[in-house]
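In numbering that gives the first Met the number 0, the protein residues as written are 0 to 98.
Every residue, glycine too, gets a C-beta built ideally from N, C-alpha and C.
Scroll down for the structure; my scribbles are underneath it.
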Amino acid sequence: MELSRELKTAIKNGDLTFGQNQASDACAEGKAKLLIFAVNCPQEYIDGLRARHPDVPMHRTDLVNRELGAACAKPFPISTICVLGEGGSELLSLQPNID
């Protein structure tokens, strides 16, 4: 799967939020289906989310936040993406890789 293509599909047709605060809120509301993190997202933040929401699948990419922002066609760095609806993409098939 090419992550950038799937992200663009999900942005166009699905429901994604960007940023740590929005991801935390979506998890707390039970809306998060998948969290995607940049490789340089702070580990303390990921550990905190994992402790509070162990049922939400989490995937760390090999992209730094600037590259993840570019993959989403955004002019800013993105460290956290929350998938609320995949919108025809295959994002939900990403294997969780954070324990």
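Beta-bridge partners of residue i, as assigned by DSSP
i	result
Leu15	Val82
Arg59	Phe36
Minimum C-alpha distance to residue i - residue among the options
i	options	result
Lys7	Asp61, Ile80 and Gln42	Ile80
Leu93	Ile35, Lys30, Lys11 and Asp46	Ile35
Arg49	Ser23, Asp14, Gly87 and Glu85	Ser23
Pro99	Thr16, Gln21, Ala27 and Cys40	Nothing about residue 99 can be read from this structure; the chain reaches only from 0 to 98.
Residues near residue i in its chain [Cβ-Cβ closer than 7 Å; skip 5 each side]
i	result
Tyr44	Gln19
Asp14	Leu83, Gly84 and Gly86
With 16 other Cβ atoms within 10 Å as the buried cut-off, status of residue i
i	result
Thr68	Here residue 68 is Gly; the residue named in the question, Thr, does not match the sequence. Buried, by the Cβ-count rule.
Val55	buried
Glu5	buried
Val82	buried
Phe75	exposed
Ala70	buried
Ala9	buried
DSSP state of residue i mapped onto helix, strand, coil
i	result
Ser88	coil
Gln94	coil
Glu1	coil
Ala70	helix
8 Å CB neighbourhood of residue i in its chain, flanking five on each side removed
i	result
Met0	Glu89, Ser92 and Leu93
Asn12	Gly86, Gly87 and Ser88
Ile97	Phe36, Ile45, Arg49, Met57, His58 and Arg59
Cut-off 6 Å between Cβ atoms - residues of its own chain near residue i, not counting five sequence neighbours on either side
i	result
Arg51	none
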